[in-house]
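Be aware that the sequence shown starts at 55, since it is given in this note's numbering, and climbs by one per residue.
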Amino acid sequence: MGSILQKLAPAKINLSLDVLGRRSDGYHQVEMIMQTIDLFDKVSVRRRDDDSFCLYGGNDEAPPEASNLVYKTALLVKQIKGQQSGLDIFLDKKIPVAAGLAGGSSDAAAMMKLLNKLWNLNCSAQEMELLLAKLGSDIPFLVQGGTALATGRGEILQALPAAPAFWVILIKPSFGVSTPKVYQALQAPLWVEQSHTASGAIRGAHTVAMLKALEQGSYSAMIAALGNELEKVTIEWHPQLEEYKQYLLDQGCDQALMSGSGPTIMGFVQQEKKAREIASSIAEKVTSQGCNIFVARSLVKEEEKNWNVDSYPSS
């Protein structure tokens, strides 16, 4: 048994999400701008004396060992890189599951970084992103974090200047949603690669508007550009999500939007004090309906140095 390495894994939200069409490989062609926030899981690893993997922690909602992305990441890296040692894996979940916040994907990215250190793999960020894309479309983004444009099926990334600083109040209902089912219900047209412009110009209306807003560096422009094409599907299935949006707006949020495929609803403000006041004002109402509520702020990529890999003596 060696030292324990640990890393924080931030949640992800979408500032924009456009679906251009269904691809022949079963995925959807998307354009979206993603942003990390300071709601974290914690992933820890330690070498074992044998070659087995043991997963500890998580919560009642977390996937079982065989389907957990942290576990699958460890197996994939072990196979590809030819590692022999076993691992104790500890997962401390704070990001809700099936919420549109990419908690599992972020855990996988954190696991990859931990193994890169523990096993001395010397993988670049690009190498880690390519490997992790085998497990999920949004995992590569969580390798870099901050603010980024994602295209393709979500795995092609372009880092962007940091979004104007903001706070979000997150309302997570008691139920989850299936991302594949949401995309399927959208009934997007067939994507034909040749239909994309030769220049690779961004076409999705929400993402075009958000890119312009980020260029301006304006919080108000960013708020005006927020949009998510998947929202209409999930809200049609769960109309109460529209009520949660209205709760946030009525209490003074500048805008409210669903994150990813949902069902988490986000309210945007500029100041922490206002965010916490709004969260407090609606807490009783939403928790009585089985929801959880969180307050978080936007993260910039450079902040990752504050929660990089650390080593602790094993107990």
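Every residue, glycine too, gets a C-beta built ideally from N, C-alpha and C. As the structure is a computational prediction, the values presented were derived from the model and not from experiment.
**Request:** Indicate the three-state DSSP secondary structure (helix, strand or coil) for Arg330 in the structure shown.
**Result:** Looking up residue 330 in the sequence shown gives position 276. Here Arg330 sits in helix by DSSP.
**Prompt:** To which residues of the same chain is Leu258 closer than 6 Å at the C-beta, ignoring the five residues directly before and after it?
**Reply:** Your numbering for residue 258 matches position 204 in the sequence shown. In the sequence as presented, Leu is not what sits at residue 258; that position holds Gly. Excluding sequence neighbours, Gly258 sits near Asp72 and Glu85.
**Request:** Verify whether the separation of the beta carbon atoms of Leu311 and Glu285 is less than 8 Å.
**Result:** Here residue 311 refers to the residue found at position 257 of the sequence shown. Here residue 285 refers to the residue found at position 231 of the sequence shown. Yes, the Cβ-Cβ distance between Leu311 and Glu285 is below 8 Å.
**Request:** Work out the CA separation of Arg77 and Leu244 for me, nearest whole Å.
**Result:** As a first step, residue 244 must be located in the sequence shown, where it is residue number 190. As a first step, residue 77 must be located in the sequence shown, where it is residue number 23. The alpha-carbon atoms of Leu244 and Arg77 are separated by roughly 6 Å.
**Message:** So, for Leu280: in the same chain, excluding its five sequence neighbours on each side, which residues have a beta-carbon less than 8 Å away from its beta-carbon?
**Reply:** Sequence index remark: in the sequence shown, residue 280 carries index 226 (1-based). Cβ neighbours of Leu280 beyond the five flanking positions: Leu69, Ser70, His260, Met264, Gln309, Leu311 and Phe322.
**Prompt:** Considering only the beta carbon of each residue, do Ala37 and Val231 sit closer than 8 Å?
**Reply:** Residue 37 cannot be examined here, being either before or after the span of the chain that is shown, 55 to 369.
**Message:** Can you find the residues in the same chain that come closer than 8 Å, C-beta to C-beta, to Asn282, ignoring five residues on each side of it along the sequence?
**Reply:** As a working note, residue 282 is residue 228 in the sequence shown. Once the five neighbours on either side are set aside, the close Cβ partners of Asn282 are Asn68, Ser70, Leu71, His260, Leu311, Met312, Ser313 and Gly314.
**Prompt:** Can you tell which of Asp304, Gly316, Pro317 and Ser352 has the C-alpha that lies nearest to the C-alpha of Ser335?
**Reply:** Locating residue 335 in the sequence shown gives position 281, where the first residue counts as 1. Closest option to Ser335, Cα to Cα, is Asp304.
**Asked** What residues in its chain sit with their C-beta under 7 Å from that of Pro218, if we drop five residues either side in the sequence?
**Response** One-based indexing of the sequence shown puts residue 218 at position 164. Excluding sequence neighbours, Pro218 sits near Gly271, Ser272, Tyr273 and Met276.
**Message:** Going by the DSSP bridge assignment, what does Asp142 pair with across the sheet?
**Reply:** The sequence position of residue 142 within the sequence shown is 88, counting from 1. According to DSSP, which records beta bridges pairwise, Asp142 is partnered with Arg100 and Cys108.
**Asked** For Val262, which option in Leu74, Val131 and Ala63 has the closest C-alpha, if you only look at C-alpha atoms?
**Response** The residue given as residue 262 occupies position 208 in the sequence shown. That would be Leu74, whose Cα lies nearest to the Cα of Val262.
**Asked** Should Tyr237 be labelled buried (16 or more other beta-carbon atoms within 10 Å of its own) or exposed?
**Response** Taking the first residue of the sequence shown as position 1, residue 237 is located at position 183. Buried, by the Cβ-count rule.
**Request:** Put Asn170 into one of helix, strand or coil per three-state DSSP.
**Result:** As a position in the sequence shown, residue 170 is number 116, starting the count at 1. Of the three classes helix, strand and coil, the one that applies to Asn170 here is helix, per DSSP.
**Message:** Going by DSSP in three states, Glu209 sits in which element: helix, strand or coil?
**Reply:** Here residue 209 is taken as the residue at index 155 of the sequence shown, counted from 1. Glu209: coil per DSSP, three-state reduction.
**Request:** Determine the contact status of Ile289 and Leu302, defining contact as a CB-CB distance below 8 Å.
**Result:** Within the sequence shown, the letter at position 235 stands for residue 289. Within the sequence shown, the letter at position 248 stands for residue 302. The answer is no: Cβ separation not under 8 Å.
**Request:** Apply the 10 Å Cβ neighbour rule to Gln198 and answer buried if 16 or more other Cβ atoms are within range, or exposed otherwise.
**Result:** Reading the sequence shown from its first residue, position 144 is the one you call residue 198. Classification of Gln198: buried, given that the 10 Å Cβ count is 16 or more.
**Asked** Does the beta-carbon distance from Leu189 to Thr127 come in below 8 Å?
**Response** Position 135 of the sequence shown, counting from 1, holds the residue named residue 189. Position 73 of the sequence shown, counting from 1, holds the residue named residue 127. Yes, they are a contact pair.
**Request:** Would you tell me roughly how many angstroms separate the C-alpha atoms of Leu25 and Asn170, rounded to the nearest one?
**Result:** Nothing can be reported for residue 25, as the shown portion of the chain is limited to 55 through 369.
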